[in-house]
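*Asks:* Residue numbers (my numbering): 1 to 300.
No residue lacks a Cβ here, since even glycine has one placed at the ideal position from N, Cα and C.
Just so you know, these numbers come straight off a predicted model, no measurement behind them.
Sharing a structure with you now.
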Amino acid sequence: MKYWIFCISIIISCNFLQAQELNARVQVLTPNIQATNKQLYDNMEKAIREFLNNRKWTNESYSIEERIDCQFVITINSRSNNNFSGTIQVFYSRPIYKSDYKSPILVHQDGDFDFEYLEFDRLDFAPNAYLSNLTSILAYYTYIIIGLDHDTYSAMGGTEFYTEAQNIVGNAQSSNNSGWNSFGGSNKNRYWLSDNLSSPAFDNYRVGLYTYHRQGLDLMHDASKIRMAKMNIKTALMSLKKVNDQRRNSFLLQLWFDAKQAEIVKIFNKGESIPIGDLKDLLIELDPNNSSSYQTMGQG
1 MKYWIFCISI IISCNFLQAQ ELNARVQVLT PNIQATNKQL YDNMEKAIRE FLNNRKWTNE
61 SYSIEERIDC QFVITINSRS NNNFSGTIQV FYSRPIYKSD YKSPILVHQD GDFDFEYLEF
121 DRLDFAPNAY LSNLTSILAY YTYIIIGLDH DTYSAMGGTE FYTEAQNIVG NAQSSNNSGW
181 NSFGGSNKNR YWLSDNLSSP AFDNYRVGLY TYHRQGLDLM HDASKIRMAK MNIKTALMSL
241 KKVNDQRRNS FLLQLWFDAK QAEIVKIFNK GESIPIGDLK DLLIELDPNN SSSYQTMGQG
């Protein structure tokens, strides 16, 4: 009898230790408006954090240690009754094997952020229906983050999650809220982000995420593999030329360099050197705003 009680307790403990996918930090800022009701924004912040962290987003099992660290920073610029307008910044960094370092994958600010929020109302989301702009945007970026995370661990591993993001886009297009459509003057909104990640034209981008992280950074802890790791990182970066040849100055390439520019320079300025003349030329071509930084590569 004691044996069975012990077994049952172990099973319960294991289930208890299973966690949701996200470990999201949330900030709600109100720098440009009179926040006379601070409690409202504190409750908004709490509701969003619980929505992101307490919901099960996939059918996969995550341990507490495997939860994806990310951050959502919401800046409210205006309010009219229960309607709010501002920006949402999304940050996601991936832990590197046998290291305390986390590599930035997504650093993005979305300015198409208008939503309705009623204090103390439950934040609800349905995969096959549009319920609110707030939860649709939060769910959308959740699936983008989970997809990117999977792509870094398995080549093209994030496909099903980008499909979920595209479903959210399709459901939200009838809402007339900005950011969900292909038209409207911007090719750098939510529509285009999930569209690009799902397009075969960007397969080299996605495979590059895997090569750069799993076959590159994850090997850097082993001194005997540093050269191979750097060569793999270089291969991943050189493959971005094919992406640019198909879609010049694309949204995804901008996001790559927004997140990776400083890291790339640091990688090739430290430790064992490899030939990078052709890589420097390509990086300057793809990311001209940071050309001076790339010029210093190999001189550290």
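Using 8 Å for Cβ pairs, my map puts residue 145 next to residue 76. What's the rounded Cβ distance?
*Replies:* That pair is no contact at about 22 Å.
*Asks:* Just grab the DSSP bridge partners of residue 22 for me.
*Replies:* Note: residue 22 sits in a beta bridge opposite 68.
*Asks:* Any chance you could list the alpha helix (DSSP H) runs of at least 4 consecutive residues sitting entirely within the region 201-262, in chain order?
*Replies:* For the region 201-262, whole alpha helix (DSSP H) runs of length 4 or above, ordered along the chain, are 203-213, 226-238 and 240-246.
*Asks:* Measuring from the CB of residue 220, is there a heavy atom of the ligand ZN at a distance below 7 Å?
*Replies:* Absence of the ligand ZN is noted for the structure shown, with no ligands found whatsoever.
*Asks:* Need the endpoints of the beta strand (DSSP E) that residue 106 sits in, please.
*Replies:* Residues 102-116.
*Asks:* How long is the line joining the alpha carbons of residue 153 and residue 214, rounded to whole angstroms?
*Replies:* Going by the C-alpha atoms only, they are around 6 Å apart.
*Asks:* What is the residue span of the alpha helix (DSSP H) that residue 51 lies within?
*Replies:* Segment 38-54, the alpha helix (DSSP H) holding residue 51.
*Asks:* For residue 151, which residues of its own chain have a beta-carbon under 7 Å away from its beta-carbon, when the five flanking residues on both sides are left out?
*Replies:* These residues qualify, in order along the chain: 157, 158, 206, 209 and 210.
*Asks:* Using the C-alpha atoms, what's the distance from residue 168 back to residue 279?
*Replies:* Residue 279 and residue 168: Cα-Cα distance of roughly 37 Å.
*Asks:* I'd like the list of long-range same chain contacts for residue 20, defined as Cβ closer than 8 Å, with 5 residues on each side in sequence excluded.
*Replies:* Same-chain partners within the cutoff: 53, 54, 55, 56, 57, 62 and 67.
*Asks:* Per DSSP, which one or two residues make a beta bridge with residue 76?
*Replies:* In DSSP, residue 76 forms a bridge with 86.
*Asks:* Taking residue 165 and residue 147 to be in contact with their CB atoms under 8 Å, please state how far apart those CB atoms are, rounded to whole angstroms.
*Replies:* Between residue 147 and residue 165 the Cβ distance is about 7 Å, and since that is below 8 Å, they are a contact.
*Asks:* Rounded to a whole number of angstroms, what is the C-alpha to C-alpha distance between residue 286 and residue 264?
*Replies:* One C-alpha to the other measures close to 13 Å.
*Asks:* Can you give me the C-alpha to C-alpha distance between residue 230 and residue 24, rounded to a whole angstrom?
*Replies:* Computed Cα separation, rounded: 31 Å.
*Asks:* What did DSSP end up calling residue 132 once you bin it into helix, strand or coil?
*Replies:* Residue 132: coil per DSSP, three-state reduction.
*Asks:* On the DSSP letters alone, give me the boundaries of the alpha helix (DSSP H) that residue 190 sits inside.
*Replies:* 190-198 is the span of the alpha helix (DSSP H), which, as asked, contains residue 190.
*Asks:* In three-state DSSP terms, what is residue 294?
*Replies:* DSSP places residue 294 in helix when its eight states are reduced to three.
*Asks:* Would you say residue 202 and residue 135 are within 8 Å of each other, going by their C-beta atoms?
*Replies:* Their beta carbons are not under 8 Å apart, which means residue 202 does not touch residue 135 by this criterion.
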